[in-house]
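Remarks on the structure that follows.
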Amino acid sequence: MGLSANVPAQPSEGFCSAREALEAVIEDAVVRAHGRAAVLFSGGRDSSAMLAVVTLVCRRLGADDPVPVTAVYPHDPDTDETSWQQFVLDHLGLRRRAVIEVTTQRRMLSAETRGSLGRWGTVWPVAVHTQALYFGAAEGAVFFTGEGGDGLLAGARITPLSLVRQDFPRVPGSLARAAAAALTPNPVYRRTTVRHGLDAGWLPWIRPAARPDVLAGLAATRGPLRWDRSRRGVLRQRSVELVDANSVVAAKLAGATLCHPLLNPFFVDSLAEDGGAWGFRGRTDVFRHLFADLLPDAILARTSKAAFNSSRWGDDERDFAVGWTGEGVDPTVVDPGPLRAEWLKERPHPVASFLVHDAWLATQTAAASDAGGRE
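Just remember that my numbering sits 1092 ahead of the position in the sequence shown, which is counted from 1.
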């Protein structure tokens, strides 16, 4: 089966830089997969960087080049990364590629998703239900992802302070205010977030009595001030733990091996050491630190990003919302009326759209019970 993902590789001796750690994690996984590798490649910065490092490692090992596996959404222009994908592939000299056309398969209530829901129930992240679409593109390979890049390689709480420290006295007012906000203690920050969220009417489908707890939970992901401690703290966030564990287990059940090198504790520890207490100047600075020798700066510094939310929601989901009568959600926490209104939007909030799985499962249970009663 190969590496089950995120078994920490170990340095040969002494300190290991983040780049060396990343290569070690990838090399370990490629060797376990007997030199067969694939990369889930969207064309964004995270997946482009992963493809570049995996290609470097495979060539150093004398293995075949990795197979970039790309999903294309022909009816969703917001997902189009064609030009960036080709730019990266040409730069790396990769000629072999697997392209998977996605129309409705990855929607929240597609036939594929409903089949998985019926087997496993509600799972986070929702993409786990349909990730098997990719695995036939490179059988026997270890599939690498750039999962975790948004959290680990992005700016952190301390970044505005780091910028002020480096750029002083040329500090714009907006940056000075952001730096001052970064110094706000976490308990105060949580209280402020809850108050502002209530005033702004965030998440209107959450009952007023439950909203403070939900908002406080969102604020709790802010983390410590030091950059190195905040990076290590990302791995302890419940949502990250679930992404890592559930996607790897689901892949294994589908007969595949999935590896998230950016979530490997060895890499994260090494990245924390690289950045120290103050960290980097932001996401682009981290990418340049790690990958400047592998990719052009136009890729490392790009700010555009594809959006995939609309590919998860369509007519079937809105039709379900129209007929839904409130099953499957806790009525002390969720108000069905505003939730249905959110579902009927063109692009519902991701926090709201996830609840459709609980609702759909409840309707299936009720339908099965009614059928049993009529027999």
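Even glycine gets a Cβ: it sits at the ideal position worked out from N, Cα and C.
Beta-carbon contacts of residue i that lie in its chain and below 7 Å, excluding the five residues immediately before and after
i       : result
Ala1454 : Glu1419, Gly1420
Arg1432 : Ala1413, Trp1416
Ala1249 : In the sequence as presented, Ala is not what sits at residue 1249; that position holds Arg. These residues qualify, in order along the chain: Ala1274, Arg1314, Gly1315, Leu1317, Ser1322.
Glu1193 : Val1164, Pro1166
Leu1184 : Leu1143, Ala1144, Thr1147
Val1191 : Thr1162, Val1164
Val1099 : Here the model assigns Val1099 a pLDDT of 40, short of 50, so the residue's position is not dependable and the matter cannot be decided.
Gly1371 : Ala1248, Ile1250, Thr1251, Ser1254, Trp1319
Asp1168 : Ser1402, Ser1403
Asp1427 : Trp1297, Arg1299
Lys1397 : Gly1136
Pro1442 : Asn1401
Trp1212 : none
Among the options, the one whose alpha carbon lies nearest that of residue i
i       : options                            : result
Arg1439 : Arg1318, Arg1394, Ser1403          : Ser1403
Leu1363 : Arg1321, Lys1344, Glu1333          : Arg1321
Thr1424 : Thr1147, Gln1258, Trp1297          : Trp1297
Ala1144 : Pro1430, Arg1410, Asp1427, Phe1383 : Phe1383
Leu1244 : Val1378, Phe1446, Ala1229          : Val1378
Glu1231 : Ser1445, Ala1346, Pro1357          : Ala1346
Ala1268 : Val1256, Ala1141, Thr1251          : Val1256
Val1286 : Val1220, Ala1270, Ala1444, Val1306 : Val1306
Asn1356 : Val1340, Lys1344, Gly1368          : Val1340
Gly1374 : Ser1254, Arg1211, Pro1430, Pro1388 : Ser1254
Ser1208 : Ala1398, Cys1351, Ala1342, Arg1188 : Ala1342
Val1280 : Val1426, Pro1264, Ala1308          : Ala1308
Ala1219 : Phe1446, Glu1434, Leu1327, Glu1115 : Phe1446
Ala1224 : Asp1242, Glu1204, Phe1236, Thr1237 : Glu1204
Glu1173 : Trp1212, Glu1434, Arg1394, Arg1187 : Arg1394
Val1326 : Ala1272, Asp1182, Ala1246, Gln1456 : Ala1246
Cβ shell of residue i (< 8 Å), same chain only, five flanking positions each side left out
i       : result
Cys1150 : Val1122, Gly1127, Ala1129, Asp1156, Asp1157, Pro1158
Ser1202 : Thr1196, Thr1222, Asp1408
Gly1368 : Trp1319, Asp1320
Leu1436 : Arg1410, Ala1413, Val1414
Arg1206 : Trp1452
Ala1101 : Caution is warranted here: a pLDDT of 46 is assigned to Ala1101, below 50, making its placement in the model unreliable, and no coordinate value can be reported.
Ser1096 : Confidence at Ser1096 is low in this model, with a pLDDT of 33, below 50, so its placement is unreliable and the value that follows should be read with caution. Excluding sequence neighbours, Ser1096 sits near Val1340, Lys1344, Thr1349.
Arg1380 : Asp1389, Leu1392, Ala1393
Val1448 : Met1200, Leu1201, Glu1409, Phe1412, Ala1413, Trp1435
Gln1456 : Gly1210
Arg1045 : Only positions 1093 to 1467 of the chain appear in the structure, and residue 1045 is not among them; the question remains open.
Unbroken beta strand (DSSP E) run spanning residue i, endpoints
i       : result
Val1215 : Premise fails: Val1215 is in no beta strand (DSSP E) and is neither H nor E.
Glu1193 : 1190-1193
Val1161 : 1159-1164
Phe1236 : 1234-1236
Val1131 : 1129-1132
Beta-carbon proximity list for residue i, same chain, < 6 Å, skipping 5 on both sides
i       : result
Gly1094 : Unreliable placement is indicated for Gly1094, whose pLDDT of 29 sits below 50; the coordinate value is still reported in the next sentence. So the list reads Arg1124, Ala1125, Val1234, Thr1349, once near-sequence residues are dropped.
Pro1300 : none
Arg1199 : Arg1404, Gly1406
Arg1189 : Pro1160
Leu1354 : Gly1240, Gly1241, Leu1244
Glu1119 : Val1149
Ala1270 : Pro1252
Thr1237 : Leu1132, His1352
Val1263 : Val1256
Supposed contact pair residue j and residue i - C-beta distance, whole angstroms, cut 8 Å
i       : j       : result
Arg1303 : Leu1310 : Not confirmed; about 11 Å, so no contact.
Leu1386 : Leu1148 : 6 Å
Val1117 : Phe1359 : 6 Å
Ser1109 : Asp1411 : Actually they are not in contact, since the Cβ atoms of Ser1109 and Asp1411 sit about 52 Å apart, beyond 8 Å.
Asp1170 : Ala1399 : 4 Å
Gly1240 : Val1332 : 7 Å
Trp1216 : Asn1338 : 7 Å
Ile1391 : Ser1134 : Rounded, the Cβ-Cβ distance is 13 Å, inconsistent with contact.
Thr1276 : Asp1450 : Wrong, their Cβ atoms sit about 35 Å apart, outside the cutoff.
Ala1312 : Arg1282 : 7 Å
Residue i: CB within 7 Å of a non-hydrogen atom of the ligand MN
i       : result
Ile1118 : With respect to the ligand MN, the structure shown offers nothing to examine, as it has no ligands at all.
Start-to-end residues for the alpha helix (DSSP H) that takes in residue i
i       : result
Val1426 : Where Val1426 is concerned, there is no enclosing alpha helix (DSSP H), given that its DSSP letter is neither H nor E.
His1183 : 1174-1184
Arg1439 : Careful: Arg1439 lies outside any alpha helix (DSSP H) and carries neither H nor E.
Arg1199 : Neither: Arg1199 is in no alpha helix (DSSP H) and is coded neither H nor E.
Thr1313 : From DSSP, Thr1313 is part of no alpha helix (DSSP H); its letter is neither H nor E.
Thr1251 : 1251-1259
Leu1225 : Segment: none, Leu1225 is in no alpha helix (DSSP H) and carries neither H nor E.
Asp1242 : 1241-1244
CB contact below 8 Å: residue i versus chain B
i       : result
Trp1297 : Given the protein chain composition of this structure (a single chain), no chain B is represented.
Q | Runs of alpha helix (DSSP H) lying entirely within the region 1329-1416, each at least 4 residues, in chain order | A | 1330-1345, 1357-1367, 1375-1383, 1389-1392, 1407-1415
Q.
Restricting to runs no shorter than 3 residues, where is the beta strand (DSSP E) found entirely within the region 1261-1300?
A. none
**Q.** Contiguous alpha helix (DSSP H) assignments of at least 4 residues, all confined to the region 1108-1154
**A.** 1110-1124, 1137-1153
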